[in-house]
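To keep things clear, I will list the structure first and then write my remarks on it.
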Amino acid sequence: MFQSRDEVRQVYLGVWHKIQQNLVLEPMEALIADVIEIHPEYHALLAGGDDIKQQEFTPGQGQTNPFLHMGMHITLREQAGTDRPPGIKLVHQKLVSKQGTHEAEHAMMECLGQTLWTAQRNNQPPDEAAYLDCLKKL
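Going by the numbering used here, the first residue of the sequence shown is number 4, and it counts up by one from there.
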């Protein structure tokens, strides 16, 4: 099911609230919470509440979109967990053993971003083989 930008951001805000209140998290919320926890630079932003749902984050203003950034961490963890595309689990494990989870995923994001950008530009599905080739070069 497709979620709007505001709905996705509301999920992060809801998880942030649960973290602050020490409430029980659903499995997907726990994954999101893990990613939030490793990004203390975004905590004040999340603590700001609903205003963040309307904020624009543009590279031209020197801003990284925190939701896109955290979403890419989540995507990489889900891909590694399901080994989709096949082979990514091993690549993820190798990079994590060398660099640690956070840094490994930051390196992997370059390949993920390039793969998604190329697919969008060409109006076609992401090229999993090219994606894996890029990851294996890290």
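For glycine and all other residues, C-beta sits at the position ideal for the given N, C-alpha and C.
Owing to the predicted nature of the structure, the values given are computational and were not obtained by experimental measurement.
To the nearest angstrom, report how far apart residue i and residue j are at their CA atoms.
{"i": "D54", "j": "D9", "result": "10 Å"}
{"i": "G116", "j": "V11", "result": "19 Å"}
{"i": "N68", "j": "T61", "result": "7 Å"}
{"i": "S7", "j": "E59", "result": "14 Å"}
Note the first and the last residue of the continuous alpha helix (DSSP H) segment covering residue i.
{"i": "Q82", "result": "69–85"}
{"i": "Q96", "result": "91–102"}
{"i": "G17", "result": "8–24"}
Assign residue i to buried or exposed, taking buried as 16 or more other Cβ atoms, counted over all protein chains shown, within 10 Å of its Cβ.
{"i": "M31", "result": "exposed"}
{"i": "L138", "result": "buried"}
{"i": "F70", "result": "buried"}
{"i": "L98", "result": "buried"}
For residue i, which residues from the same chain have a beta carbon less than 6 Å from its beta carbon, with the 5 sequence-adjacent residues on both sides left out?
{"i": "L49", "result": "W19"}
{"i": "I35", "result": "V18"}
Can we say the stretch 5–18 touches the stretch 62–74, given the rule of at least three CB pairs closer than 8 Å?
Put simply, the stretch 5–18 touches the stretch 62–74. At least three CB pairs are less than 8 Å apart.
Would you call the stretch 89–102 in contact with the stretch 131–138, where contact means no fewer than 3 C-beta pairs closer than 8 Å?
At 8 Å Cβ cutoff, the stretches touch.
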